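First the structure, in the form of structure tokens, and then the observations on it.
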Amino acid sequence: MASGGVTAPKSRPFLTLNQLPLFADDRDVARAVVGPDQEKIRHCLASVPSLEMSGLPKRHTVYGRYVPAVRLFYERQYGIGPAALTQSARDEILAKLDNQPPPKRKGRRLD
1 MASGGVTAPK SRPFLTLNQL PLFADDRDVA RAVVGPDQEK IRHCLASVPS
51 LEMSGLPKRH TVYGRYVPAV RLFYERQYGI GPAALTQSAR DEILAKLDNQ
101 PPPKRKGRRL D
């Protein structure tokens, strides 16, 4: 520590959602989502209440946000990843894994 001065806080290393612990605080989650830019992090943190209304998992008062659920939220929002699969697509995948025909669906199939 410099004599009589205050040291600047050390910045945390940048972590992706995959590198965060199972639960993380909102600042770490925001940084993993938008990167290290402080302006983007502030904007992301300010949007948390509206994101929660759209399905962002609630923050646990002791542990923080459940990171795997945060990832699923964003995958659902942007139509990617396993969370974006339709029910019929899930049924077909599970049927293939079980070597069973997928359940019959009403209506016309759009292949």
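Using my numbering, the first residue of the sequence shown is number 1, and each one after it goes up by one.
Ideal Cβ placement from N, Cα and C applies to all residues, glycine included.
Computed from a prediction, not measured in an experiment: that's the story for all the values here.
- Between the alpha carbons of Pro49 and Asn99 lies a distance of about 44 Å.
- Per DSSP, reduced to three states, the secondary structure at Tyr66 is strand.
- The straight-line gap separating the alpha-carbon atoms of Glu52 and Tyr74 is approximately 12 Å.
- The beta-carbon separation of Arg27 and Leu45, rounded to 7 Å, stays under the 8 Å limit for a contact.
- Collapsing the DSSP output to three states places Phe73 in a helix.
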